[in-house]
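Numbering (my numbering), first residue to last: 60 to 230.
So, in structure tokens, the structure goes:
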């Protein structure tokens, strides 16, 4: 990974959104209800919510695919989130600690960018990460606080509507 960065084959871009939501465990559970339950830390779950905000603030019409295969191998690597754009391109998001070889594999399998949201970013009142892309790919623009808040409201509204639908169906 280091060799590819030093050779200029992979570009790094700082991702920064000067805002982040206040998350409660119940709200996180509601937003991530479309995922298969896994044993994950609360910090990892919070970063997964941040990844959704970042993905949709960058590409509002993207189709989100949580815990999806990110490589075409027999035993594929799974990304925490893949955002598919209307143009058929994909951007993967990894939350927490991530092996550099995984980033390379995802780029080699056609994902335009891989954004890593590290645990240390949870100390800030903003969404932080590092985006990796192959040489020649356009850098992802950093969403504004207003864009992130607008997407956040949409995410909460959709998650709440889905939760209400689930309760109605169970009754």
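Glycine residues also receive a C-beta, built at the ideal position from the N, C-alpha and C atoms. Quick caveat: nothing in here was measured; it's all calculated off a predicted structure.
Checklist entry - What are the boundary residues of the beta strand (DSSP E) that residue 158 is part of? => result Segment: none, residue 158 is in no beta strand (DSSP E) and carries neither H nor E.
Checklist entry - Alpha carbon to alpha carbon, what distance is there between residue 84 and residue 78? => result 19 Å
Item to check | Cβ contact check for the region 113-133 and the region 87-105: 3 or more pairs under 8 Å | outcome: Three or more pairs of CB atoms, one per stretch, sit closer than 8 Å, so the region 113-133 contacts the region 87-105.
Next on the checklist: Using a Cβ distance threshold of 8 Å, determine whether the region 200-219 contacts the region 127-147, with at least three qualifying pairs required.
Outcome noted: Because the criterion of three Cβ pairs below 8 Å is not met, the region 200-219 and the region 127-147 do not touch.
Checklist entry - Which ranges would you report for the alpha helix (DSSP H) in the region 70-123 if only whole runs of at least 4 residues count? => result 84-90 and 101-117
Checklist entry - Nearest-angstrom Cα distance between residue 154 and residue 66? => result 26 Å
Item to check | Per DSSP, the bridge partner or partners of residue 151 | outcome: 141 and 173
Item to check | Bridge partners - residue 127, DSSP secondary structure assignment | outcome: Bridge partners of residue 127: 138.
Checklist entry - Start and end of the alpha helix (DSSP H) containing residue 65? => result Its alpha helix (DSSP H) spans residues 61-65.
Checklist entry - Where does residue 107 land, buried or exposed, given buried means 16+ other C-beta within 10 angstroms? => result buried
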